[in-house]
């Protein structure tokens, strides 16, 4: 039987979010209903509210979530009721050309639940990234649920569902940071700091954090940065080169996603080094680089989609490292809040006051 629960809805472009009663149907074939325990407030949720993703209002916001599987539909084998899971927004299909070639982290046909969640008047809701987890319960494709050790804090574990995984994966999976490498990370918000934590986890010898604000650089030191550069007071490229013996970093991760930061990353890497773009640009942005420099500097220019993660591979491993005390996911939880505090959390995030506000149910 369908259930009525609370959910945070963005009704229209730029309008304040509202706490509404939403209808969650019973899971159909291949679907699961998950009782949400915690969900992080991500920039992507704000982009949805502002109409920056698409105009399919109303949206059911929230996607960085962990919770307990309540029920599953026919044919579901991935999880069973009672499992503690992290939700992901890239449930791989197993059939597309990327999956068939053994590269499911690039899956080109990821999927979500087939049935819509609705308002009580029947209006269909578009769930953020196919999840919609600013709600007591949500309906997802079963492949969006990854079972992990229930000893993990839901508030910390849920952050692997988006931003923290994007940063960790940008360093470990996309950048292939190795022992002894010099790594620079431009932009020390949640994703950039996660990339710093990932570089430390991978054994980088030198980790250079770059940002415009000293308070963010101090946070970056706490997560593993060995050196910092305040981009408002120093030239980024020359500073990174100076800190790396004049050569440049082996891997430079752009966690901002602007043409000027990408150019900094491009010229701050060593010959044959790697640039990883994980910050998301906006549609109007353009980049110009001398083609001879692209050729002459060699190396790799990569984009990182969701940290090129495979949730069933990466989430359990990272939770194990968290429980061993080797990955401080708790450091990313700046505050815990209620569902009614989402608008205030957006303001704090916009000001850069928090790494993550996390709704705890």
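Numbering (full-length UniProt numbering), first residue to last: 1 to 361.
Backbone N, C-alpha and C define an ideal beta-carbon position, used for all residues, glycine too.
For residue j and residue i, the rounded distance between their alpha carbons
i	j	result
residue 13	residue 292	43 Å
residue 82	residue 327	26 Å
residue 323	residue 314	14 Å
residue 272	residue 177	14 Å
residue 265	residue 257	10 Å
residue 173	residue 120	43 Å
residue 368	residue 230	Nothing can be reported for residue 368, as the shown portion of the chain is limited to 1 through 361.
residue 263	residue 301	11 Å
residue 309	residue 187	21 Å
residue 336	residue 290	47 Å
residue 304	residue 274	12 Å
residue 319	residue 341	27 Å
residue 192	residue 116	34 Å
residue 226	residue 90	33 Å
residue 85	residue 325	20 Å
residue 17	residue 129	17 Å
residue 288	residue 241	22 Å
residue 170	residue 343	29 Å
residue 150	residue 260	42 Å
residue 132	residue 144	12 Å
residue 135	residue 223	31 Å
residue 219	residue 190	10 Å
residue 15	residue 204	44 Å
residue 54	residue 270	38 Å
residue 243	residue 279	24 Å
residue 368	residue 105	What the structure shows of the chain is the stretch from 1 to 361, and residue 368 is not part of that stretch, so it cannot be assessed.
residue 61	residue 353	21 Å
residue 52	residue 276	23 Å
residue 232	residue 238	13 Å
residue 358	residue 164	13 Å
residue 127	residue 107	20 Å
residue 228	residue 296	28 Å
Pair within 8 Å by beta-carbon distance, residue i and residue j
i	j	result
residue 41	residue 346	yes
residue 294	residue 268	no
residue 311	residue 88	yes
residue 166	residue 330	no
residue 35	residue 23	no
residue 209	residue 201	no
residue 19	residue 349	no
residue 79	residue 152	no
residue 77	residue 93	no
residue 356	residue 159	yes
residue 162	residue 21	no
residue 140	residue 56	no
residue 10	residue 361	no
residue 298	residue 168	no
residue 33	residue 137	yes
Residue i burial status per 10 Å Cβ neighbour count (16 or more: buried)
i	result
residue 1	exposed
residue 7	buried
residue 175	buried
residue 286	exposed
residue 211	buried
residue 59	buried
residue 283	exposed
residue 49	buried
residue 338	exposed
residue 246	exposed
residue 255	buried
Residue-chain proximity (residue i, chain C), Cβ-Cβ < 8 Å
i	result
residue 231	This model lacks chain C altogether; it includes just one protein chain.
Q. So does the stretch 236-256 actually touch the stretch 174-184, counting three or more Cβ pairs closer than 8 Å?
A. Taking a contact to require three or more Cβ pairs closer than 8 Å, the stretch 236-256 and the stretch 174-184 qualify as touching.
Q. Along the chain, which unbroken stretches of the alpha helix (DSSP H) at least 4 residues long are found entirely within the stretch 35-89?
A. If we require 4 residues or more, the alpha helix (DSSP H) runs fully inside the stretch 35-89 come out as 43-49.
Q: For the stretch 66-80 and the stretch 17-28, state whether three or more C-beta atom pairs, one from each stretch, are separated by less than 8 Å.
A: At 8 Å Cβ cutoff, the stretches touch.
Q. Given 8 Å as the limit, is there contact between the stretch 93-101 and the stretch 60-69, that is, 3 or more CB pairs closer than that?
A. Output reads no: the stretch 60-69 does not touch the stretch 93-101.
Q) Of all the alpha helix (DSSP H) runs that stay within the bounds of the stretch 280-346, which reach a length of 4 or more residues? A) DSSP runs (the alpha helix (DSSP H)) wholly in the stretch 280-346: 291-297 and 311-323.
Q | the stretch 189-197 / the stretch 110-130 touching (three or more Cβ pairs under 8 Å) | A | In the pairwise beta carbon analysis, the stretch 189-197 is classified as not touching the stretch 110-130: fewer than three pairs are separated by under 8 Å.
(Q) As an exercise, report each continuous alpha helix (DSSP H) stretch of at least 4 residues that is fully enclosed by the stretch 190-238, in chain order. (A) Here the runs fully enclosed are 190-202 and 214-222.
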